[in-house]
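Here UniProt numbering is used: position 296 in the sequence shown is 296, and no number is missing along the way.
A short write-up of the structure that comes next.
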Amino acid sequence: FSEASEFKLNELKPVNDFVEAKQAGFNARPVLIGPITLLWLGKVSTEAKDPAFDRVSLAPKLAAVYAELLTKLAEAGATSVQIDEPVLVTDAAEKYTSAFQSVYETLAKSGVKLLLTTYFGRLANNLEIVKKLPIAGLHIDLDRAPEQLDQALDAFKSSDITLSLGLVSGRNIWKTDLTAALESAKKAVAALGAERVIVATSSSLQHTPITLANEKKLKPEVLDWFSFAVEKAGEVATIAAALRDPQSAADRLSANAASIKARRDFEKNSDPAVRERVAAIKPEDLKRQSPFSVRREVQRKHLNLPAFPTTTIGSFPQTKEIRTYRARFTKGEITQAEYEKFLEDEIKMVVEKQEALGLDVLVHGEPERNDMVQYFGELLDGFVFTQNAWVQSFGSRYVRPPIIVSDVSRPKPMTVRWSQYAQSLTKKAMKGMLTGPVTILNWSFPRVDVSRETQSKQIALALRDEVVDLEKAGIRAVQVDEPAIREGLPLRREDWNNYLQWAVDSFRLSTSGISDAMNTASHFCYSDFNDIMDSVIALDADMISIENSKSDAKLLNIFKSTKYPNEIGPGVFDIHSPRVPTAEEQYSRLRDAAQFIDKDLLWVNPDCGLKTRTWPETEAQLKNMVEAAQKARKELV
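Shown next as structure tokens:
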């Protein structure tokens, strides 16, 4: 956005979709992302000329276009429209207080009833903003913030506003405790009257898989704990039916209560050994033997590293041949011995190519891994996997997250065999590759009967054992990736400290059981971590690598004000692009980084893993990267 931004309707998809649904016999309610949330989610363009420009100044222009769209929906027969404003559960909403009032007064002129929808958190003080708006209804998330029901009932008991209760979670895959949800619904009906209460999911259902009907391999007793999108819609219907006619829903409520009890009574969801180990964690378990300054000197000799050491982030091209062999092994078309021989050949080829390129710290390339979370989930106790429970990650990318159903532990080493084999092929340092505990947690469907902190520390203890075993096997470096640590932040800043404390503790727990000689690294991508830099420093990784070239080096700005005390590798080329930056271009990125970061602490690496690139692209990109590092050693040291 900039001062010059203008808005106009160039697509009538919401209207066309509504008409299509209407013609099919459905009384649908159109859903639009709210204008204030749209402004909040946007960014200020580099074309903005006034340094003081604020996106909120565009609210009147945007409101006029929204009003035009609402009018067209009304003309098509819509009587009610859902406007999503999740910004209201964040601290940012206060900045838009005045804009909310004027914008919604404009929208109300369309004559359409507006259902203002919030989710993923609590309104808290922002309820004062909502109370003044000309809306017909408000939706609140009672899954993430059940405590806000009383506040909302008190705020609207003397008005005619309808309250939509988000009683069924749109974020997880667990059955709703319908007995508890029904009590909340009854409380709302008693305060407002049945005609002013809507029963709903907490959010849209795009974050859940479609239906349990597609799952044929899960054990029946495990399947009975779950509820996907279709089943969650059924839960909403059951609560509503129980409010209207308790007897009509009695059997469904009874069956649900039996499922909830079975889950709570499940003997295997409690592993005493894991619980005892978590309870026994001591402060010294979260610390390396020596401070970084001591470790660094030991590691430089142990790894035999030059200035500006080169490495990669872990994965190498996942070729069609790799995917074909994995699929054939999964289908039982080849034996385990045949598959493992193929993987060994792939690893040998990856190691040879890295040596030929002149890289300093090598990796085995990860040909055995289907996904950076699923791979570990399949090797850890406590996870189950589905056949078809796909959910959207972004755009056309879908993922099938593991589900944590019980206490997590490591029955046997997970990666040691492959890293040890790779190390046997070279005298250079081989880097073990693990996904961090917080990322495994954030990219899985977690339990709801145990805190996320507890689950994270259970995973961390399993990874700690793996890191210790890697060192025993002769591996001199290990990378524990945490790309999802930033995205796990609570929406309100007042809740950040608690999350960041256990997230940092989990990482340190994973990496503190080894000697000073072993180098620990972590990688961050997909996020702007500038506002959590203190926590990144607190991880005490010997080295971090960050996505940098894709952001046009903007992430380096944090180092103008905050000195990162350990080693760091700002990415010098974008792995999402087939383009091959020249050695000079990559050198210039190193030179720029050296303006903010002590050059003695700089590593040279790509932005991220190379699994999506082809081998010709990969070799050309890395060849130039090594040349850039060699030039830096001559001109910057």
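For every residue, glycine included, the Cβ atom is placed at its ideal position computed from N, Cα and C.
Being a predicted model, the structure only gives us computed values, none of them experimental.
Own chain partners of residue i with C-beta closer than 7 Å, once the 5 adjacent residues on each side are dropped
i, result
"Ala629", "Phe308, Thr310, Val604"
"Val56", "Leu39, Lys95, Tyr96, Ala99"
"Gln423", "Met430, Gly474, Ile475"
"Met518", "Glu471, Arg476, Ala477, Val478"
"Tyr587", "Ala628, Lys631, Ala632"
"Ala78", "Phe18, Pro30, Val112"
"residue 655", "An answer regarding residue 655 cannot be provided, because it is not within the stretch 1 to 637 covered by the chain."
"Ala462", "Leu380, Val408, Ser409, Arg410"
"Leu425", "Lys348, Val351"
"Ala213", "none"
"Ser512", "Asp285, Leu286, Lys287, Arg288"
"Asn624", "Val580, Pro581, Thr582, Ala583, Gln586"
DSSP-derived helix/strand/coil call for residue i
i, result
"Met543", "strand"
"Thr454", "helix"
"Tyr66", "helix"
"Ser204", "coil"
"Thr614", "coil"
"Thr386", "coil"
"Val399", "strand"
"Asn214", "helix"
"Ile558", "helix"
"Val363", "coil"
"Gly358", "coil"
"Phe394", "strand"
"Phe524", "strand"
"residue 642", "This structure cannot settle anything about residue 642, because the visible part of the chain is limited to 1 through 637."
"Ile198", "strand"
"Lys11", "It is Glu, not Lys, that sits at residue 11 in the sequence shown. In the structure shown, Glu11 sits in coil (DSSP, three-state: anything other than H, G, I, E or B)."
"Gly234", "helix"
"Thr162", "strand"
"Val637", "coil"
"Glu321", "helix"
For residue i: DSSP bridge partner residues
i, result
"Lys431", "Ala477"
"Lys113", "Ser80"
"Ser409", "Asp381"
"Pro306", "Answer is none; Pro306 lacks a bridge partner."
Rounded straight-line distance, which links the Cα of residue j to that of residue i
i, j, result
"Leu32", "Lys132", "21 Å"
"Phe156", "Leu116", "14 Å"
"Leu243", "Ser169", "19 Å"
"Gly432", "Ser510", "13 Å"
"Gln336", "Gln247", "56 Å"
"Met312", "Val637", "The amino acid occupying residue 312 in the given sequence is Thr; Met does not appear at that position. Roughly 22 Å between the two C-alpha positions."
"Trp174", "Leu153", "27 Å"
"Ser80", "Ala74", "8 Å"
"Asp17", "Gln23", "10 Å"
"Val197", "Leu165", "7 Å"
"Glu366", "Thr201", "39 Å"
"Ala4", "Asp54", "12 Å"
"Val87", "Pro35", "10 Å"
"Leu489", "Trp496", "6 Å"
"Gln206", "Trp225", "20 Å"
"Ser577", "Thr324", "24 Å"
"Val278", "Ser456", "10 Å"
"His523", "Val572", "14 Å"
"Ile514", "His302", "14 Å"
"Ser158", "Ala233", "30 Å"
"Lys261", "Ala538", "41 Å"
"Thr176", "Glu235", "7 Å"
"Arg400", "Thr208", "10 Å"
Close Cβ partners of residue i (< 8 Å) along its chain, the five nearest in sequence each way excluded
i, result
"Lys109", "Ala67"
"Asp469", "Pro413, Val416"
Sequence-distant residues of the same chain with beta carbon closer than 6 Å to residue i, five excluded per side
i, result
"Lys268", "Ser406"
"Cys525", "Pro483, Glu547, Cys608"
"Ser2", "Ser45, Glu47, Ala48"
Residue i versus the options, residue with shortest Cα-Cα distance
i, options, result
"Thr386", "Pro60, Leu39, Ile210, Glu20", "Ile210"
"Gln299", "Arg144, Leu73, Met543", "Met543"
"Arg464", "Val438, Phe507, Lys634", "Phe507"
"Tyr398", "Leu223, Asp371, Gly314", "Asp371"
"Leu305", "Leu601, Thr37, Ala63, Phe7", "Leu601"
"Val89", "Asp449, His139, Leu69", "His139"
"Ser102", "Ala64, Thr618, Glu276, Phe7", "Ala64"
"Arg492", "Glu20, Leu41, Asn10, Ala92", "Ala92"
"residue 638", "Trp390, Asn27, Ala620, Arg589", "Nothing in the structure corresponds to residue 638, since the chain is present only between 1 and 637."
"Val480", "Tyr499, Asp449, Gly436", "Gly436"
"Trp502", "Phe26, Ser203, Ile281", "Ile281"
"Glu355", "Leu622, Lys8, Glu567", "Leu622"
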